[in-house]
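Just below is one structure, and these are the notes that go with it.
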Amino acid sequence: MPYNEPSPLEVKVLTRRFGLADSASIETYLATGGYEALRKALGMTPEQIIEEVKLSNLRGRGGAGFPAGMKWSFVPRNSPKPKYVVVNADEGEPGTCKDRLLMEHDPHQLIEGILIAGLAVGAHTGYIYVRGEFRYVIEILDRAIDQARQRGYLGKNILASGFDFELYTHTGAGSYECGEESALLESLEGKRGVPRIRPPFPAVAGAFQCPTVLNNVETFSAVPAIIRDGGTAFAALGIPRNGGTRLFCLSGHLNKPGVYELPMGFNLLRMIHEVGGGIPGGKKLKAVIPGGSSCPVLKAEECDIAMDFDSLARAKSMLGSGGVVVMDEDTCMVQAAMRIMKFYAHESCGWCTPCREGTIWLKKLLGRFHAGEGSRGDIDLIGDVAKNMLGRTFCPLGDAAAMPTIAFVEKFRDEFEAHLEGRPCPYENTHRGAPA
Amino acid sequence: MTFSPELEARFEKLLQSYPAGRQRSALIPMLLFAQDEIGAVTPELVEEVSRRLNLKSLEVDEVVTYYSMLRKKPAGKYHIQICTNISCLLTGGQNLFEHACRKLGIGNKEVTPDGLFSLEEAECLGACSWAPAIEVNYDYHHKITPEAFDRLIDSLRKLD
């Protein structure tokens, strides 16, 4: 069963089977319209499928928000090489916990989306790259793949159409960096997860140096609804250029944290108060990380905002992977910045110097600061180190570490100053909840 | 080295999952599944997997040192990962980790003398909305208070 009660404000498209008995089984899937989109897609041309996905305004749910239909159209159809579909299920962006649910509660929806992507680009093999900690999810996916094969939805000559497709799960073994698409492809080839230089992009040289469509679990999971109901209908659920719904992961200081499917463009304050049940203890809102730890923090007064890729970009943040982390008035922003940087320092793959060195130095600086040993000059030094990482690395991890740090320093400079001259952290209650 | 028939079957399936000539792709899954069975990535395992995939043992070693779940020394029978990342930090994850250290009498990445428990401060486990979250071997536990943690440890001790 789902881990939180649904909200009446939800628009359930991708999560509509959550909570049904045996929601992961093929019987439940077939009884609720499952694999109808695949039947429809088998009667369409690849161009028609891609056109529907373009019409849907579906943008990548992994974090970057790149239009999915356009990404698919970059795969060279006349290439003599085999083509692949690769699913990024290496969910690990702090604040994000939606892909696990989509795979756990509705694995066939994901499989159907992968098959439709395969039809669209002429691929006959797919891999679901699942983070190693999600072992039980791999078992659910493997069972679903077996069921689909037994019923003729995978394997040779699917539904007597002449279309062949094989699908495999592939476990990672502990690495946030492998959620970055090119590092994921290296890892899939049995190597260290270090990023590749681009171009060429995965659409041209991806898995095994062959043309590859690579998207997030949630992106593929949206595809059956798009084909079944039409791209225009999906787009209409959201707002212009941001089609459909999205799974928002509400966490932090909320009365009803949980994963909720809401239309793109849903207002953040309503999300906090009406969906997430407001802040415990009647406390005031201080800040929100709107899309996972890589996204620059918003101050409370910036939170009356539509949650879509473009509105967040205008606010100099990002919609990211949908991880909405809510922080109340007693939260220490220095500690939050420090913990996030500790994460990036741990996860930097070490391939490029600005990220490898920058994350470690920022971790030391922020740690020293939180311990009351920072100097006034360190406040600017933190910003300088972070700015020197921006845009200077092979992959976005360097930026992902630098951007939130810059925002914490710029927006909450007063809190950094409050830690100066050996003063104890004024917000020692940040990590409450569990009494020591 | 010999493995259980189940693990051999898994290896067989893995080796058929990748394009011809790309069997190296099976490396990381093979190491992790084998570690689950024998407890650690031992030098013997590295040799065995190198031989089966026709790789240099150095090529296997450089992979082993990259991935945080692969370990050269055995963990406890119950390996406990406690997330202290941002969403868990805000809801008591850091306190929970410190509580767990006291309860078990060990620190980060250490094993209890009886080999029953090991502890690791984890990065985001993907359970942020039900924080603080922990994982015991491959089992998720959500919204864990220190009291719930103590009950869990006591029940695992009894199981043994």
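So the sequence lines, in the order shown, correspond to chains A and B. Numbering of the first sequence is given in my numbering, commencing with residue 1 and proceeding in unit increments. Numbering of the second sequence is given in my numbering, commencing with residue 1001 and proceeding in unit increments. Backbone N, C-alpha and C define an ideal beta-carbon position, used for all residues, glycine too. None of the values given here were measured: they were computed from a predicted structure.
- Here residue 1020 (chain B) is exposed: its Cβ has fewer than 16 other Cβ atoms, across all protein chains shown, within 10 Å.
- Close to chain A, meaning a Cβ-Cβ distance shorter than 7 Å, are the following residues of the stretch 1035-1066 of chain B: 1062, 1063 and 1066.
- Interface flag for residue 1025 (chain B) against chain A is set, since a Cβ pair is found closer than 7 Å.
- Apart from sequence neighbours up to five positions away, the residues of its chain that approach residue 177 (chain A) with a beta-carbon distance below 8 Å are 183, 193, 194, 195, 347, 348, 349, 395 and 397, ordered along the chain.
- Cβ-Cβ separation between residue 218 (chain A) and residue 16 (chain A): approximately 14 Å, too far for a contact (criterion under 8 Å).
- At a Cβ-Cβ threshold of 7 Å, residue 288 (chain A) and residue 98 (chain A) do not count as neighbours.
- When the alpha-carbon of residue 271 (chain A) is set against those of A:305, A:292 and A:297, the nearest one is in A:305.
- Residue pairing for residue 182 (chain A): DSSP places it in no beta bridge.
- Annotation for residue 70 (chain A): 54 place their beta carbon closer than 8 Å to its own, counting only its chain and skipping 5 residues before and after.
- In the displayed model, residue 1081 (chain B) falls within a strand according to three-state DSSP.
- DSSP places residue 14 (chain A) outside both helix and strand once states are collapsed to three, so it counts as coil.
- When the beta-carbon positions are compared, residue 281 (chain A) and residue 256 (chain A) stay at least 7 Å from each other.
- For residue 261 (chain A), no chain B residue has a Cβ inside 8 Å of its Cβ, as the nearest lies near 13 Å away.
- The residue among A:365, A:389 and A:372 with its C-alpha nearest the C-alpha of residue 382 (chain A) is A:365.
- Residue 228 (chain A) and residue 265 (chain A) have their C-alpha atoms spaced approximately 23 Å apart.
- DSSP places residue 328 (chain A) in the uninterrupted beta strand (DSSP E) bounded by 323-328.
- Ranked by Cα distance from residue 132 (chain A), the first of A:299, A:358, A:108 and A:170 is A:170.
- Burial check for residue 263 (chain A): the Cβ neighbour count within 10 Å reaches 16 or more, so the residue is buried.
- Nearest to residue 222 (chain A) by C-alpha distance, out of A:427, A:103 and A:129, is A:103.
- Using a Cβ-Cβ distance cut-off of 8 Å, the stretch 16-28 of chain A and the stretch 1133-1150 of chain B are not in contact, since fewer than three pairs of beta carbons, one from each stretch, lie closer than that value.
- Against chain A, the beta carbon of residue 1126 (chain B) has neighbours under 8 Å at 91, 92, 96, 97, 99, 100, 131, 133 and 134, listed in chain order.
- When DSSP states are grouped into helix, strand and coil, residue 194 (chain A) belongs to the coil group.
- No residue range can be given for residue 1025 (chain B), since it is assigned to no alpha helix (DSSP H) and is classified by DSSP as neither H nor E.
- For the pair residue 124 (chain A) and residue 165 (chain A), the CB atoms are nearer than the 7 Å cut-off.
- Identification of residues in the stretch 105-132 of chain A having a C-beta nearer than 9 Å to some C-beta of chain B yields 125, 127, 131 and 132, given in sequence order.
- At a cut-off of 7 Å, the C-beta of residue 379 (chain A) has no neighbouring C-beta in chain B.
- With a cutoff of 7 Å on beta-carbon distance, residue 333 (chain A) and residue 415 (chain A) are scored as near each other.
- When C-beta distances to chain A are compared with 8 Å, the residues of the stretch 1083-1111 of chain B below that value are 1084, 1085, 1086, 1087, 1089, 1090, 1091, 1092, 1093, 1094, 1095, 1096, 1098 and 1099, in chain order.
- Contact of residue 6 (chain A) with chain B by beta-carbon distance below 7 Å is absent, the smallest such distance being about 13 Å.
- If you check each beta-carbon in the stretch 164-185 of chain A against every beta-carbon of chain B, the ones closer than 8 Å belong to 168, 170, 171, 172, 173, 174, 175 and 176.
- Contact note: residue 1123 (chain B) reaches chain A through 92, 94, 176, 343, 346 and 347, using a C-beta cutoff of 8 Å and chain order.
- In summary, residue 1016 (chain B) is exposed, with fewer than 16 beta-carbon neighbours lying within 10 Å of its beta-carbon over all protein chains present.
- Within the same chain, and ignoring the five residues on either side of residue 147 (chain A) in sequence, the residues whose Cβ sits closer than 6 Å to its Cβ are 26.
- Rounded to whole angstroms, the Cβ separation of residue 52 (chain A) and residue 226 (chain A) is 6 Å, and the two are in contact under 8 Å.
- Residues of the stretch 1142-1157 of chain B that bring their beta carbon within less than 7 Å of a beta carbon in chain A comprise 1142, 1145 and 1146, in sequence order.
- The DSSP assignment places complete beta strand (DSSP E) segments of no fewer than 3 residues inside the stretch 249-286 of chain A at 258-263, in order along the chain.
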